[in-house]
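Per our numbering, the sequence shown starts with residue -10, numbered consecutively. Following: one structure in structure tokens, then a few remarks.
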Amino acid sequence: MITENSNSLVSIGDTSLSVLEYRGRRVITFSMVDQVHQRPEGTARKRFNDNKERFVAGEDYFHLSFHEVASLSEFRTAGLQPNSQGLVILSQSGYLMLVKSFTDDLAWRVQRELVNRYFQTVPTSTAHQLFLMAKAVWEQEERVRQLEQTSTDQQRQIDAIAQRQANMDGDTGYMTALAFCRREKIPAPLTLARRLGVMATDLCRDLGIRTGQVPDERWGTVNSYPVEVLQDCLATMNEQAA
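Here you go:
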């Protein structure tokens, strides 16, 4: 639900803005952007429409239907009039993306004031404070979970490669990308070997796997990689090409 407190006004430059909130987040309309930035009416909307594919619905902006807007008395208090297509409102991230190209002195000042004084909500009740605290805890737990998952996936990949290397009795387990491509009878091996070598180098660096070096008449030395790394990289390249 979107709410507007008629007693809650924030002064930005020479303009007083009514505070609008939607789903617990402060939002702003195109008209409000034009007003505080002293731009001709319609400037913000045009910038948005010209770059709409870069904005994420539900995160950077929300598109409210005409009936949804019409059912909210708070909009009438704020003097907002939706058209038949409804109303688009911007979150803080959407606003900052929209005004990236506004670089005049006023724009810099307005952006700072909007971020520091408008979008940064001040808890208005104990329930609101508890909500913000719970939200912060959940976001931190989600970041930790993602880091743990990434670490687990990397360790699983390292263990699998190490195990396959251990099973290669009597083989060093290292090959150059070109030698690997030739062994696999890949057409145009030199072209693919270059891409494969770059990907294998990145993977070895990310996972902390040692790479070797082999003398080469043309280049002096070339890198060699665990065969398992080359196999994994080739599989990834085939999946991307599919």
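Heads up, the beta-carbon is just placed ideally off N, CA and C, and yes, glycines get one too. Model, not experiment: these values are computed from the prediction.
If you ignore the 5 residues before and after Leu95, its C-beta comes within less than 8 Å of the C-beta of Gly2, His26, Gln27, all in its own chain and listed in chain order. Look at Ser7 here: in three-state DSSP terms it is strand.
The residue among Gln135, Leu219, Gly197, Leu76 with its C-alpha nearest the C-alpha of Glu173 is Leu219.
Under DSSP, Tyr214 shares a beta bridge with Met164. Straight through space, the alpha carbons of Ile17 and Gln24 are spaced by roughly 11 Å. When the five nearest sequence neighbours on each side are left out, the beta carbons in the same chain lying within less than 8 Å of the beta carbon of Asp195 are those of Gln143, in order along the chain.
For Val45, the three-state secondary structure derived from DSSP is coil. Around the beta carbon of Thr180, a 10 Å sphere encloses fewer than 16 other beta carbons of the protein chains shown; the residue is thus reported as exposed. If you ignore the 5 residues before and after Thr225, its C-beta comes within less than 8 Å of the C-beta of Met188, all in its own chain and listed in chain order. Going by beta carbons, Leu76 and Arg36 fall outside the 7 Å limit. Per the DSSP secondary-structure output, Ile78 pairs in a beta bridge with Thr18, Phe51. DSSP lists Ser7 as the bridge partner or partners of Leu(-2). In the three-state reduction of the DSSP assignment, Val88 falls in the coil class. With fewer than 16 other CB atoms across the displayed protein chains lying within 10 angstroms of its CB, Ser(-3) is exposed.
With respect to the 7 Å criterion, Pro178 and Cys170 are classified as neighbours on the basis of their beta carbons. For the 7 Å CB-CB criterion, Ser90 and Met164 do not form a contact.
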